[in-house]
Every structure is written in C-alpha cells, then in structure tokens.
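Line order of the protein sequences matches chains Z and L. Under our numbering, the first sequence is numbered contiguously, ending at residue 611. Under our numbering, the second sequence is numbered contiguously, ending at residue 611. Just so it is clear, CB atoms sit at the ideal spot from N, CA and C, and this is done for glycine as well.
There are 2 protein chains.
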Amino acid sequence: MNEINSEQLDTKQRILDAAEYLFARDGYRGTSLRAITGQADVNLAAVNYHFGSKEALLEEVIKRRLLPLNETRELLIKQVRDDARKEGKTPDIREVLLGFIEPTLLFKESHPEGENFMTFIGRSITDPDDTVRQVFHRFIKPLFHLLFETSCEALPDLPKDIVFWRLHFSIGSLFHTLHVCGKFQSDENIPFHSDMDSQTLINLIIPFVTAGMKA
Amino acid sequence: MNEINSEQLDTKQRILDAAEYLFARDGYRGTSLRAITGQADVNLAAVNYHFGSKEALLEEVIKRRLLPLNETRELLIKQVRDDARKEGKTPDIREVLLGFIEPTLLFKESHPEGENFMTFIGRSITDPDDTVRQVFHRFIKPLFHLLFETSCEALPDLPKDIVFWRLHFSIGSLFHTLHVCGKFQSDENIPFHSDMDSQTLINLIIPFVTAGMKA
DNA sequence: GTCTATAGATTGATAGAC
DNA sequence: GTCTATCAATCTATAGAC
Chain Z
397 MNEINSEQLD TKQRILDAAE YLFARDGYRG TSLRAITGQA DVNLAAVNYH
447 FGSKEALLEE VIKRRLLPLN ETRELLIKQV RDDARKEGKT PDIREVLLGF
497 IEPTLLFKES HPEGENFMTF IGRSITDPDD TVRQVFHRFI KPLFHLLFET
547 SCEALPDLPK DIVFWRLHFS IGSLFHTLHV CGKFQSDENI PFHSDMDSQT
597 LINLIIPFVT AGMKA
Chain L
397 MNEINSEQLD TKQRILDAAE YLFARDGYRG TSLRAITGQA DVNLAAVNYH
447 FGSKEALLEE VIKRRLLPLN ETRELLIKQV RDDARKEGKT PDIREVLLGF
497 IEPTLLFKES HPEGENFMTF IGRSITDPDD TVRQVFHRFI KPLFHLLFET
547 SCEALPDLPK DIVFWRLHFS IGSLFHTLHV CGKFQSDENI PFHSDMDSQT
597 LINLIIPFVT AGMKA
C-alpha cells in the first residue's frame with residue numbers, strides 16, 4: 397500500500413467515523429456535511445469526492461457495521477435451527493432470541509470503535525427520514541426473515557401472525573434499549589444505571605422477551 | 397364568539413392539524429413551515445403570528461393530544477392502584493399495564509382526528525431532535541413515575557431496578573407498535589395485517605408484556 | 001389578521017486552481 | 001487528492017403595507 401492510498405484510506409476512515417458519531421448524536425438530517433468534515437478534520441469537498449453524496453456516505457456508514465454484525469447473527473440463529481433439526485427437535489425460542497440479541501448488545505464490547513453505531517441502529521427503524529429507514533431495512537430484511545421462520549419453528553403451536561407480532565414487540569424492546577443505553581441520552585431518563593454492563597442487559601432482556609414469546 | 401375570533405381559531409386549528417400530520421409523516425426537522433402553511437392553506441407568516449415560533453407550535457401540537465391522553469391513563473392506573481389498596485391486595489400488573497396501554501392504542505378510535513399523533517408519539521422518544529425529545533419527556537415524566545411506582549407495588553418481590561428495565565422493554569414494544577401501525581409505514585414491513593384493529597393489537601401486546609413483567 | 005417581500009443564515013453540491 | 005470559492009436552493013423569522 398503506497399502512501400497516497402493510505403492517506404486516502406485514512407481520510408475515508410476519518411469521515412466514516414465522524415459521520416457515525418454525528419449520525420448517532422444528531423441524526424442523519426441533523427448532521428451537515430460541514431459538521432462531519434469539521435469533526436473529521438478534512439476538507440468539506442472530501443465527502444463528495446470520496447463517497448459521491450451524503451446519502452452514499454450514509455450507506456457506507458451502515459454497511460461497515462451492519463454486514464459483519466448480521467453475518468454473526470445469521471450464523472448463530474442457523475446453528476440453533478440446524479442443531480435442533482439434527483436432533484429432530486424444535487429449536488428453543490430462548491436460544492433463537494439469544495442468537496439475535498446477544499451479538500447485538502455485545503457489539504460495543506466486541507467492536508468498541510462501533511459503539512456509536514448501536515445508538516444509531518436503535519433509532520433507525522423509526523427515523524423520520526425515509527432514506528435512513530430504507531437503507532437499514534434493505535440490509536436487515538433477510539435476517540428478519542430468518543429470525544421469523546426460525547421462531548415459527550420454535551413455537552409450532554402458535555399461529556404465524558402471533559409469532560410475527562411478538563417478534564415485533566421483542567424488536568421494539570431491543571431497539572429501544574439500544575437507544576436508551578446510548579451515551580447521548582440524558583441520564584435523567586435512566587435513574588438505575590449509568591454504566592449498564594452489556595451482559596447484565598442481556599440477562600435482563602432475554603427472560604423478558606422469552607416469556608413474552610411463550611406467553 | 398365573533399367572526400374574527402372564529403376565523404382565528406380556524407386558522408390556528410388548521411395549522412395544528414397540518415403540523416401534526418406532517419410531523420408524523422416527515423418528522424419535526426423534516427417539516428418546514430412552508431410545508432405546514434401550504435398544507436393548512438394559510439399564509440407562511442401565520443405560524444409565527446399565532447404561535448411565535450416553530451418550536452412553540454411543536455409544543456402546542458404535543459399538548460393538545462398528550463394532556464387529555466395522560467389524564468385518562470393516570471386515572472385508570474390510580475384506579476387499579478387504589479382499588480387494590482382498599483382490598484389490602486397488591487395491584488394486578490396486567491391491569492396496571494392495561495391502564496397505560498389500552499387508552500394509548502384506543503386513542504385513534506376515541507379521537508379519530510388524532511390518529512397521526514400516535515405515529516408521532518411512536519417516534520418521540522428516539523427522535524434525533526433534542527427539542528422533540530425534551531418536550532415529550534417533560535409531558536410524560538410524571539405519568540412514567542406513576543406507572544413505575546404502581547408496577548413496583550404490583551410486583552413487590554422483584555427488585556425495583558428489574559421492574560424499571562422491564563417497563564422500559566414494555567414501553568419499547570408499545571412505542572414501536574405505534575410507529576409500525578402508523579399509516580406512513582410502508583406495508584412491506586408488515587405482511588400480516590393491513591388494517592390492524594386496535595382491540596386485536598391490545599389483545600396481542602398485553603399478554604406479551606404481562607408475561608415479560610412477571611417472568 | 002393576512003399578506004408580500006425579504007433579511008440572514010445554512011444547506012448539499014461542484015468548478016477549477018494547485 | 002486537497003483546497004478555496006461559490007452556486008443555487010432551502011430554511012426560520014420578521015418588517016411593514018393593507
């Protein structure tokens with residue numbers, strides 16, 4: 397890698413990091429290109445040079461973290477599903493949910509540099525900006541489908557539409573948690589923890605959603 | 397009421413309705429005063445004349461629906477609490493949750509003109525705009541406190557911080573549902589219903605969160 | 001109270017020198 | 001690849017005629 401390329405990579409990286417931080421803090425619409433380039437300490441024109449547009453930058457910010465995270469979640473869920481199939485049993489819904497939730501909440505431990513991204517994810521589904529919702533949706537749709545089908549296998553006695561809605565409730569709990577635990581939330585809202593440990597959170601949410609799915 | 401006043405009221409009302417619709421569809425930041433006054437068919441200057449600023453308009457949009465809704469929810473929760481106290485029992489957590497959730501999900505039936513507002517609420521906690529979060533938070537904080545204290549009474553064997561987090565999960569489920577059921581969500585995300593009946597939704601979410609709280 | 005016109009600031013994006 | 005300078009469009013808010 398010659399010096400020109402590594403400088404280029406460095407600039408792209410710094411822009412991605414700055415955008416991720418600011419998107420998480422102020423939202424996509426609330427973040428200007430000037431704020432991003434200022435934070436990244438690069439020239440204003442660099443975003444359009446390296447990414448083409450603000451929207452293309454958004455897509456790269458999302459892809460960088462979401463593709464590897466989704467790969468992990470897909471692997472875990474398929475493993476639970478296939479292990480059960482091999483033994484001729486139905487998968488355990490708790491383990492299915494764990495395959496989706498655990499890597500999500502542990503992400504900031506396994507990828508400390510991506511902590512801000514989780515806050516951004518927590519808001520992605522309900523973002524007022526159509527573009528943000530669509531990009532996120534495009535990347536997560538296949539995984540949701542796998543989660544849904546596997547959950548139906550795990551709860552064969554429940555009608556599929558009930559499984560579907562209960563999954564929606566679970567996703568709502570998880571995403572709300574991601575956002576609440578983001579470092580940009582004012583502490584006033586969350587009296588019971590300042591530094592909530594990820595594993596503790598997992599131990600709190602898994603029994604909740606498992607009981608809800610089985611209700 | 398003379399004609400001048402009723403014209404004024406009409407203009408204010410039309411602005412409030414248009415703002416509510418557009419805030420729900422495009423978010424607070426994504427909605428310009430031009431869009432609002434265009435939709436309301438009033439002059440651009442009318443917002444600042446009648447409300448003072450865009451932010452003051454936001455506050456009025458929220459107050460108009462949230463104050464009466466909160467009154468209903470407070471009444472119902474206090475009723476469950478006081479009935480139990482009179483009989484020397486602990487309140488039933490299912491009824492506590494019902495007191496909060498039922499009026500929320502039935503709001504679009506009891507106040508059809510306020511349907512858009514519920515979509516806006518569903519996004520309020522995670523809105524990227526600080527102003528939106530703060531205004532909502534200010535209006536809902538006392539009710540959350542009542543819900544929390546009553547839930548602790550209903551589940552005396554659970555540590556308070558666990559009750560707190562499970563309530564957070566429940567709120568996450570509910571708010572996510574409000575947003576998903578908003579008419580601005582693309583139907584692609586919700587294969588199992590186009591016109592989901594509110595009572596059906598209540599019958600779906602109450603067992604889920606009740607089981608989760610008791611887990 | 002309603003209107004036009006506009007101030008004053010900020011935005012995403014780009015052209016062209018280096 | 002990086003920079004300055006700037007365009008064209010948008011925004012909230014307001015001043016002043018009617």
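From the beta-carbon of V492(L), no residue of chain Z is found nearer than 8 Å; the closest lies around 16 Å away. For N512(L), the enclosing alpha helix (DSSP H) has its first and last residue at 511-520. Short of 7 Å from the beta carbon of E545(L), and not among the five residues preceding or following it, lies no beta carbon of its own chain.
Taking all protein chains shown into account, L405(Z) has fewer than 16 neighbouring C-beta atoms within 10 Å of its C-beta and is therefore exposed. The C-alpha of C548(Z) is placed about 8 Å away from the C-alpha of L554(Z).
Exclusion of the five residues before and after I411(Z) leaves I432, T433, A436, V438, A442, V443, H446, F447, L453 as the residues of its chain whose Cβ lies within less than 8 Å of its Cβ.
At the C-beta level, G423(L) and D525(Z) come within 8 Å of one another. Close CB contacts of S566(Z) within its chain, under the 6 Å cut and outside five residues either way in sequence, are with V605 (chain order).
Remark: fewer than three beta-carbon pairs, one from each stretch, lie closer than 8 Å, so the stretch 595-609 of chain Z and the stretch 479-491 of chain L are not flagged as touching.
An exposed status is given to H541(Z), since fewer than 16 other beta-carbon atoms sit within 10 Å of its beta-carbon. Nearest in C-alpha terms to Q475(L), of all of P464(L), V531(L), L493(L), L574(L), is L493(L). For M609(L), the enclosing alpha helix (DSSP H) covers residues 594-610. For the set E451(Z), R461(Z), I536(Z), I473(Z), the Cα lying nearest the Cα of S506(Z) is the one of R461(Z). Using a Cβ-Cβ cut-off of 8 Å, S569(L) counts as an interface residue toward chain Z, since at least one Cβ of chain Z sits closer than that to its own. Contacts with chain Z at 8 Å (Cβ-Cβ) include P524(L).
The continuous stretches of alpha helix (DSSP H) do not include Y424(Z), and DSSP gives it neither H nor E. Going by beta carbons, S520(Z) and R534(Z) fall outside the 8 Å limit.
Contact annotation for P538(L) against chain Z: no contact, minimum CB-CB distance about 13 Å [criterion: below 7 Å].
Of F496(L), T522(L), S428(L), the smallest CA-CA separation from H575(Z) is found for T522(L).
Sequence-ordered contacts of the stretch 550-576 of chain L with chain Z read K556, D557, I558, F560, W561, R562, H564, F565, S566, I567, G568, S569, L570, F571, H572, T573, H575, V576 [C-beta pairs closer than 9 Å].
Bounds of the alpha helix (DSSP H) holding F571(Z) are 556-576.
Within chain L, the residues placing a beta-carbon under 7 Å from that of I601(Z) are F565, ordered along the chain. Taking C-beta atoms as the reference points, T427(L) and F419(L) count as a pair closer than 8 Å.
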